[in-house]
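*Asks:*
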Amino acid sequence: MRRSTKLCFLLLMLMAMALPHHLSAQKDLQISKVFDLYGKKKGVTMVELSGEMLGDYNLSLFKSIVINNDPTAGDFIRKCLDKDQEGAKKVKQVISSGNLSTIILQLPHKGRLNRLILYNATSSGYKLTLVYLESHDDVDDILNLLLKKK
Amino acid sequence: MQLFSNHKIISTKEADALLEKYYEGFTSAEEERQLYLVLLQPDLPERYQADRAMMGYFAGEKQAGKPKKNRTIIPMIRWASVAAALIGGIFLVRSLIEEKPQCYAYVDGVKVTDVATVKAEAMQSISEIASDPDEVAQAAKQFKAEEIVKDQLSVFSGN
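Protein chains in written order, with the working numbering: chain R, 1 to 150; chain G, 1001 to 1159.
1. Considering just the uninterrupted stretch of the beta strand (DSSP E) at Ser123 of chain R, what are its terminal residues?
2. Answer yes or no: does any C-beta atom of chain G fall closer than 7 Å to that of Gly39 of chain R?
3. Using a Cβ cut-off of 8 Å, pull out every chain R residue sitting near Ala1105 of chain G, in sequence order please.
4. Would you check if the distance between the CB atom of Gly74 of chain R and the CB atom of Leu29 of chain R is smaller than 7 Å?
5. Listed from N- to C-terminal order along the chain, which residues in the segment 73 to 106 of chain R have their beta-carbon within a distance smaller than 8 Å of any beta-carbon of chain A?
6. Is there contact between the segment 89 to 102 of chain R and the segment 35 to 47 of chain R, where contact requires at least three CB pairs shorter than 8 Å?
7. For Lys79 of chain R, which residues of its own chain have a beta-carbon under 8 Å away from its beta-carbon, when the five flanking residues on both sides are left out?
8. Using a Cβ-Cβ cut-off of 7 Å, state whether Asn120 of chain R counts as contacting chain G.
9. Any contact of the segment 1072 to 1081 of chain G with the segment 1039 to 1059 of chain G, i.e. 3+ C-beta pairs under 8 Å?
10. Quick check on DSSP: helix, strand or coil for Leu1153 of chain G?
11. At least one CB of chain R closer than 7 Å to the CB of Val1155 of chain G: is that the case?
12. Measure the Cβ-Cβ separation of Ile117 of chain R and Tyr132 of chain R and say whether it is below 7 Å.
13. Straight-line CA distance for Ala1085 of chain G to Ala1116 of chain G?
14. For Glu1046 of chain G, count neighbouring C-beta atoms within 10 Å of its own C-beta (all shown protein chains included) and say buried if the count is 16 or more, exposed if not.
15. Considering only their Cβ atoms, is the gap separating Lys33 of chain R from Gly1109 of chain G smaller than 7 Å?
16. So the candidates are G:Val1082, G:Pro1101, G:Tyr1023; which of them puts its Cα closest to the Cα of Leu11 of chain R?
17. Applying the 10 Å Cβ sphere with the 16-neighbour rule, what's the burial state of Arg151 of chain R?
18. For Leu1052 of chain G, which residues from the same chain have a beta carbon less than 8 Å from its beta carbon, with the 5 sequence-adjacent residues on both sides left out?
19. Examine chain G for any beta-carbon lying closer than 7 Å to the beta-carbon of Ser64 of chain R, and answer yes or no.
20. Just to make sure I have the definition right: I need the residues of chain G whose C-beta is within less than 8 Å of the C-beta of Gly51 of chain R. Which are they?
21. Quick one: what's got a C-beta closer than 6 Å to Arg115 of chain R's C-beta in the same chain, skipping five residues either side?
22. So which of R:Ser96, R:Ala121, R:His109 has the shortest CA-CA distance to Ile77 of chain R?
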């Protein structure tokens, strides 16, 4: 390998290291396709909050998508979740009438970020809710904070 | 025959003695310099040519050592410059692409960037999730980004 090629390679590696982790953290997941494909469709509400917009919630990124009356989206999300489950820890899973109703996945760390995927489908499958979040806090703390009952 | 060394005249006998001392490794730095100057003179007798060649070789070797030092210093400076430029570049790129806080929503394909509107749209989605109308009203009163997140996630709490 030529010296200039090695230098270019080294430079690219350093640039990749310089990228903020949260820029690429979600993009390596299959569920990012859900946000990309369905986020701007009719009957869909997608919300993204990050940084100071989350106040003192100790989250660095929160993304949610609520899809109404789109059975194909449900199938697509479940396929994405199947792939994202690889290497992830299943915190909670509920299967209702043979269909995935709820799942909480703790993804492998990305840098110092803890990442979680939460998915819920109503029993009729009419409404699908998918949430992706990143935090520097422990997963237990995040879940205790987010999922505590009202 | 007389030989010159540093404005001093020395005899061939003295020169021979210096040479002998040199080859035995007992010469001081000053004596070596004196011997070097003797052997440098242009009308040097033939029998000292071999000694001059040897002294010249060693002198040349010493001189060659100096640029070597420069050669190690210059790449160090060059690499230090490259490293400094790289580090500077990394910080520059990082500061340029650092993601700014996001607050937006897409509702039916329409992008909303106004913070209040985004929060209102998020609130609307919460109201669609929530089954109890009172719960929605209560959330609307305490409308904050944290509440939006919490309420959206309430669906996972098992309630």
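Using N, Cα and C, we set each Cβ at its ideal position, and we do this for glycine too.
*Replies:* According to the structure data:
1. From DSSP, Ser123 of chain R is part of no beta strand (DSSP E); its letter is neither H nor E.
2. Answer yes: the Cβ-Cβ gap between Gly39 of chain R and chain G drops below 7 Å somewhere.
3. Neighbours of Ala1105 of chain G on chain R, chain order: Thr45, Met46, Val47, Glu48.
4. Between Gly74 of chain R and Leu29 of chain R, the C-beta spacing is not below 7 Å.
5. Within the model displayed, chain A is absent; protein chains R and G are what it includes.
6. Inter-segment contact for the segment 89 to 102 of chain R and the segment 35 to 47 of chain R is absent: fewer than three beta-carbon pairs are separated by less than 8 Å.
7. For Lys79 of chain R, where only same-chain residues beyond five positions count, the Cβ hits under 8 Å are Gln30.
8. At least one chain G Cβ lies under 7 Å of Asn120 of chain R.
9. For the pair of segments examined, the segment 1072 to 1081 of chain G was found not to touch the segment 1039 to 1059 of chain G: the number of CB pairs separated by less than 8 Å stays below three.
10. Looking at Leu1153 of chain G - three-state DSSP - the assignment turns out to be helix.
11. True, the Cβ-Cβ gap to chain R drops below 7 Å.
12. The answer is yes: Cβ separation under 7 Å.
13. Cα to Cα, Ala1085 of chain G sits roughly 43 Å from Ala1116 of chain G.
14. Burial call: exposed.
15. Not a contact, by the Cβ cut-off of 7 Å.
16. The shortest C-alpha separation from Leu11 of chain R is found at G:Val1082.
17. A query on residue 151 of chain R cannot be resolved here, the shown segment of chain R reaching from 1 to 150 and no further.
18. Inspection of the sequence shows that residue 1052 of chain G is occupied by Arg rather than by Leu. Only Leu1039, Leu1040, Leu1044 meet the Cβ criterion.
19. Residue contact check for Ser64 of chain R against chain G: a CB pair falls below 7 Å.
20. Against chain G, a Cβ distance below 8 Å from Gly51 of chain R picks out Glu1099, Lys1100, Pro1101, Gln1102.
21. The answer, listed in chain order, is Leu107, Glu134.
22. Measuring from the Cα of Ile77 of chain R, the nearest candidate turns out to be R:Ala121.
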